[in-house]
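Residue numbers (this note's numbering), protein chains in the order written: chain A, 9 to 297; chain B, 9 to 297; chain C, 9 to 297. Glycine included, C-beta positions come from ideal geometry on N, C-alpha and C. Here's the structure we're looking at; comments come further down.
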Amino acid sequence: MDIKRPVVTLITDFGTADGYVGAMKGVLLSICPQVWPVDITHDIPRHDVYRAAFSLSNAAPLFPAGTTHLVVVDPGVGTMRRPLGVRAGGMNYVGPDNGVLSLVLRGRSEQKVVALENEAYHHSPRLGDAASHTFHGRDIFSPAAAHLAAGVALTELGPQLTDWISLSFPTLTLRSPHELVGEVLYLDRFGNAVTNIGVLEWTGHDLQLIPAFARGEEAPIVLSGAAAVACREHLLPLHRTYGEVSPGAPLALVGSSGLLEIAVREDSAGVCLGLRPGDPVVLTGRKRN
Amino acid sequence: MDIKRPVVTLITDFGTADGYVGAMKGVLLSICPQVWPVDITHDIPRHDVYRAAFSLSNAAPLFPAGTTHLVVVDPGVGTMRRPLGVRAGGMNYVGPDNGVLSLVLRGRSEQKVVALENEAYHHSPRLGDAASHTFHGRDIFSPAAAHLAAGVALTELGPQLTDWISLSFPTLTLRSPHELVGEVLYLDRFGNAVTNIGVLEWTGHDLQLIPAFARGEEAPIVLSGAAAVACREHLLPLHRTYGEVSPGAPLALVGSSGLLEIAVREDSAGVCLGLRPGDPVVLTGRKRN
Amino acid sequence: MDIKRPVVTLITDFGTADGYVGAMKGVLLSICPQVWPVDITHDIPRHDVYRAAFSLSNAAPLFPAGTTHLVVVDPGVGTMRRPLGVRAGGMNYVGPDNGVLSLVLRGRSEQKVVALENEAYHHSPRLGDAASHTFHGRDIFSPAAAHLAAGVALTELGPQLTDWISLSFPTLTLRSPHELVGEVLYLDRFGNAVTNIGVLEWTGHDLQLIPAFARGEEAPIVLSGAAAVACREHLLPLHRTYGEVSPGAPLALVGSSGLLEIAVREDSAGVCLGLRPGDPVVLTGRKRN
């Protein structure tokens with residue numbers, strides 16, 4: 009057990025000005041004074057479950073084993089959607105059952121998921137004896153995270169589940185032996201267009217593509233001599249890094265999260281190339297078997 | 009004493025880009041290396057003492073005893089307004105005497121307040137021998153918070169006071185035995201309109217209202233069968249939670265801080281209903297004695 | 009050595025929503041579980057090396073000895089610009105060789121600088137065996153900061169350097185014995201216009217000016233009876249603090265970082281006076297020898 013100085017990371021769409029995140033940190037520290045709250049972000053666009061799922065998947069795997077990740081982007085608070093607690097890959101996850109945890113859990117064989125229904129582990133605000141109906145971040149999710157961080161067994165927090173909601177992602181299509189079609193998932197803070205084309209390895213000549221987002225392709229797809237990416241009317245050269253083109257020039261590259269990105273050096277691909285989420289992206293190469 | 013790992017929370021309107029908050033954290037850690045700075049927010053709208061007071065009152069009560077809360081929203085820096093240190097309810101508070109601490113102190117019987125005048129506990133920036141005239145966050149408030157966190161007695165920091173500034177809030181009016189009139193205090197990040205109508209308990213049938221913001225009503229007001237809230241031309245049903253109406257539909261509900269709120273499910277009441285701070289809100293029910 | 013509970017501060021232009029900063033914190037904690045990440049800011053305007061350098065210089069000197077400061081504002085990631093590790097004034101600094109560290113190092117006689125080239129201290133993301141080409145914050149700078157915080161010697165991280173890039177600043181000009189000409193460097197969050205006129209001490213009558221940003225003036229310049237600052241068509245009185253003028257009135261004053269600032273009490277000098285970076289500022293007094 010790694011509970012001596014347990015880290016709890018936080019991802020919300022609350023902003024910070026209203027003190028809601030502060031309230032969550034207070035609950036964490038009141039339940040488990042050793043907890044160490046580490047902000048990932050509170051600036052997820054409101055109710056953007058996909059963006060939160062990506063933030064989590066960019067950051068969570070880098071944390072040490074034993075970390076608890078607390079995610080509250082929860083448009084369905086107060087409805088029947090279930091609050092989840094998860095143990096997977098040596099880490100804990102807590103968040104609503106709306107798919108926000110599904111990206112980071114994808115492909116993990118050993119995972120245990122519970123519904124956080126045991127009221128003994130909820131927080132009771134001053135107004136009554138039960139958790140609030142509007143702020144599960146404070147009353148259900150933070151207490152669960154604090155208890156997990158303190159070493160309480162996941163199965164104490166509620167009954168085990170075998171099904172939960174997964175985000176659906178746009179699938180990749182192999183249009184021809186040398187044309188793979190994906191799309192722009194989102195634009196990051198720098199205006200880079202992150203696509204759903206996941207790259208396992210790029211040797212500079214061969215691209216080995218993860219079939220994670222592809223349907224019906226179980227083995228990695230290898231595109232040999234992959235060299236160009238088309239998006240809207242733009243044809244973009246594939247490079248290793250921004251520095252290989254001039255400032256202001258567009259390029260495609262494998263981003264830090266392993267997804268193919270379209271970027272403009274020292275500028276915004278979103279603005280300069282007029283890209284938006286959902287735009288089709290065509291990667292051209294030659295399929296190798 | 010709970011000073012082994014003392015938490016100091018921070019609320020400012022500084023933003024973070026200029027490094028001013030970083031400077032405050034540096035002073036905290038230089039004076040007391042055990043201090044654990046926990047951000048509540050640095051995104052209070054500039055000089056908005058009311059919003060800061062609400063953030064503090066949403067978050068502070070959830071923290072464990074012994075926490076020190078540091079609030080620097082200080083339009084009067086460099087004027088005669090006094091810097092305050094407070095001990096109340098087992099916690100410490102530090103901030104300017106402009107009302108920002110008054111909401112969280114309201115109704116506390118045991119509180120001790122001092123003016124932070126003892127220069128031995130100020131920080132002297134490199135430019136001279138006294139605290140700066142423009143950055144008391146760094147030079148007076150952070151040092152006071154660090155010293156309190158380190159276990160220095162409050163009364164060491166300056167002379168005790170018996171008066172300080174309280175924020176004035178719009179008062180509630182019982183216009184008829186079944187009509188309570190309050191108003192919108194502010195719009196939160198989600199566009200929910202938070203009102204000054206404080207609710208002690210809502211059974212689904214009876215609303216028991218805290219007279220905290222009311223004048224001349226010392227006992228709780230009970231409205232039986234309270235069912236509707238009017239604001240501008242809108243008449244809104246009272247519900248327990250967002251999920252009881254369809255996405256896009258407006259409602260009134262008791263928010264997580266115990267105040268009546270007007271919301272639109274998965275959207276902004278501020279935008280959809282055109283609400284603004286100061287708008288009158290009428291809660292209709294039947295007064296019970 | 010002060011490595012028991014080593015603080016690592018973070019300054020980036022990443023924002024937080026994409027999880028990139030979260031990934032850096034994960035790497036820090038995975039390499040050195042004792043590391044204590046303290047956010048200074050992630051809201052530096054994109055690629056604004058100057059603003060990051062000022063944030064760092066406002067905040068870093070206040071931290072205790074032994075702190076490691078991690079700065080990733082890095083428009084040249086993936087180009088030949090070198091990643092730097094620095095030991096100076098009892099603190100560690102890590103960041104790209106683009107001048108972002110140069111302001112805080114200015115005038116320090118004892119400093120040791122290395123290029124972070126030892127790959128044994130890089131982070132290898134899942135995609136391959138080497139650091140990424142696009143996210144040195146995660147793969148080179150955070151690991152270096154974590155290793156320094158853990159007590160690894162600076163010289164372990166790469167070969168020592170004797171030259172690095174310094175930011176160039178607009179220089180001060182003594183236009184006449186009583187007229188010093190500088191300029192607006194940037195507008196802070198409050199709309200205060202921070203100038204390049206550094207003040208060593210202001211007695212209320214004499215201004216002693218640091219020649220830090222001046223060319224050819226090695227000794228401090230003393231302006232006696234300095235009383236007025238001109239910028240654009242405005243003539244501003246010099247005061248100790250905002251409170252000495254009425255709300256809404258403009259003034260000049262020595263800001264908390266020791267630089268002359270132009271402000272409007274409780275409002276924005278940027279907006280009210282139409283000031284912008286680069287605007288000339290003339291300080292009028294009488295030079296004393």
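Apart from the five residues just before and just after A:G224, which ones in its own chain have a Cβ nearer than 7 Å to its Cβ? Confidence is the limiting factor: at A:G224 the pLDDT is only 49, short of 50, which leaves the residue's position unreliable and the question unanswerable from this model.
What are the residues that DSSP puts in a beta bridge with A:G206? According to DSSP, A:G206 bridges with A:L267.
Per-residue contacts from B:D196 into chain A (C-beta, under 7 Å): Those are D26, listed as they occur along chain A.
Go ahead and pull the three-state DSSP assignment for B:I229. Of the three classes helix, strand and coil, the one that applies to B:I229 here is strand, per DSSP.
Locate the alpha helix (DSSP H) running through B:R95, then write down its first and last residues. In this chain, B:R95 is not harboured by any alpha helix (DSSP H); it is covered by the beta strand (DSSP E) spanning 91 to 96.
Could you work out which residue in A:V80, A:P255, A:G97, A:A157 is closest to A:R89 when comparing CA atoms only? A check of alpha carbon separations from A:R89 across A:V80, A:P255, A:G97, A:A157 identifies A:V80 as the nearest.
Across which residues does DSSP place C:A236 in a beta bridge pair? Note: C:A236 sits in a beta bridge opposite C:P245, C:T292.
Inter-residue Cα distance where the pair is B:G30 and C:I48: Distance between the alpha carbons of B:G30 and C:I48 is about 5 Å.
Please confirm whether C:D82 has its beta-carbon closer than 8 Å to some beta-carbon of chain A. Chain A, which has no Cβ nearer than 8 Å to the Cβ of C:D82, makes this no.
In whole angstroms, give me the CA-to-CA distance for B:V253 and A:H144. Rounded to the nearest whole angstrom, the C-alpha separation of B:V253 and A:H144 is 18 Å.
Can the beta-carbon of C:G86 be found closer than 8 Å to that of A:G251? It is a contact, given that the beta carbons lie within the stated cut-off.
Going by DSSP in three states, B:L109 sits in which element: helix, strand or coil? Note: B:L109 maps to coil in three-state DSSP.
Can you check the segment 114 to 183 of chain B for any beta strand (DSSP E) of at least 3 residues that lies completely inside it and give the ranges in chain order? Every beta strand (DSSP E) stretch that sits fully inside the segment 114 to 183 of chain B and reaches 3 residues is listed by chain position as 119 to 123.
For a cutoff of 8 Å on Cβ pairs, would you count A:T20 as touching chain C? No, A:T20 lies away from the interface with chain C (no Cβ there is under 8 Å from its Cβ).
Buried or exposed: C:R59, going by 16 or more other Cβ atoms within 10 Å of its Cβ? Buried.
Take every Cβ of the segment 153 to 169 of chain B, pair it with every Cβ of the segment 119 to 126 of chain B, and state whether three or more of those distances are shorter than 8 Å. When C-beta atoms of the segment 153 to 169 of chain B are compared with those of the segment 119 to 126 of chain B, three or more pairs fall below 8 Å, so the two segments count as touching.
Any beta carbon from chain B within less than 8 Å of A:D275's own beta carbon? The C-beta of A:D275 comes no closer than 8 Å to any C-beta of chain B.
Using a Cβ distance threshold of 8 Å, determine whether the segment 168 to 178 of chain A contacts the segment 265 to 279 of chain A, with at least three qualifying pairs required. Taking 8 Å as the limit for Cβ pairs, the verdict is that the segment 265 to 279 of chain A does not touch the segment 168 to 178 of chain A.
Consult DSSP for C:N200 and reduce its assignment to one of helix, strand or coil. In the three-state reduction of the DSSP assignment, C:N200 falls in the coil class.
Taking just the CA atoms, how far does A:H130 sit from A:M99? Between A:M99 and A:H130, the C-alpha separation is close to 21 Å.
Best match in C:G263, C:L208, C:E209, C:R197 for proximity to C:V279 [C-alpha to C-alpha]: C:V279 has its Cα closest to that of C:R197, out of C:G263, C:L208, C:E209, C:R197.
What runs of the beta strand (DSSP E), each 3 residues or longer, lie entirely inside the segment 36 to 102 of chain C? Within the segment 36 to 102 of chain C, the complete beta strand (DSSP E) segments at least 3 residues long are 44 to 49, 76 to 80, 91 to 96, listed from N- to C-terminus.
I believe C:P185 touches C:N204 by the beta-carbon criterion, under 8 Å. Please report the beta-carbon distance rounded to the nearest angstrom. Contact flag wrong, Cβ pair sits at about 20 Å.
B:R90 CB to nearest chain C CB: under 8 Å? False, the Cβ-Cβ gap to chain C never drops below 8 Å.
Flag this pair as yes or no: are the beta carbons of B:A154 and B:V35 separated by less than 8 Å? Yes, these two residues count as a Cβ contact at 8 Å.
Per DSSP, what kind of secondary structure is C:L259 in: helix, strand or coil? Secondary structure of C:L259 (DSSP, three-state): strand.
Can you check whether the C-beta of B:T87 is within less than 8 Å of a C-beta belonging to chain C? Closer than 8 Å to some Cβ of chain C, the Cβ of B:T87 qualifies, so yes.
Candidates B:P258, B:F62, B:L156, B:A25: closest to C:A1 by CA position: Within the shown structure, residues of chain C are numbered from 9 to 297, placing residue 1 of chain C beyond reach of any answer.
Grab me the residues of B:H77's own chain with a C-beta within less than 6 Å of its C-beta, minus the 5 sequence neighbours each way, in chain order. Here the set comprises T17, A68, Y101.
For A:G93, the nearest candidate out of A:D105, A:D82, A:A158 (CA to CA): Measuring from the Cα of A:G93, the nearest candidate turns out to be A:D105.
Counting only C-beta atoms, is A:S63 closer than 8 Å to chain B at any point? Using beta-carbon distances, A:S63 does not count as an interface residue toward chain B, since no partner is under 8 Å.
Do B:A277 and B:G190 count as a contact pair if the criterion is CB distance below 8 Å? Going by beta carbons, B:G190 and B:A277 fall outside the 8 Å limit.
Supposed contact pair B:V237 and B:L291 - C-beta distance, whole angstroms, cut 8 Å: The beta-carbon distance between B:L291 and B:V237, rounded to whole angstroms, is 5 Å. This is short enough to meet the 8 Å contact definition.
Check whether the Cβ of B:K33 lies closer than 8 Å to any Cβ atom in chain C. The C-beta of B:K33 comes closer than 8 Å to at least one C-beta of chain C.
Could you check the C-alpha separation between C:V121 and C:S63 for me, to the nearest Å? Distance from the CA atom of C:V121 to the CA atom of C:S63, rounded to whole angstroms, is 21 Å.
Grab me the residues of A:V43's own chain with a C-beta within less than 7 Å of its C-beta, minus the 5 sequence neighbours each way, in chain order. Cβ neighbours of A:V43 beyond the five flanking positions: P14, V16, L36, L37, A154, A157.
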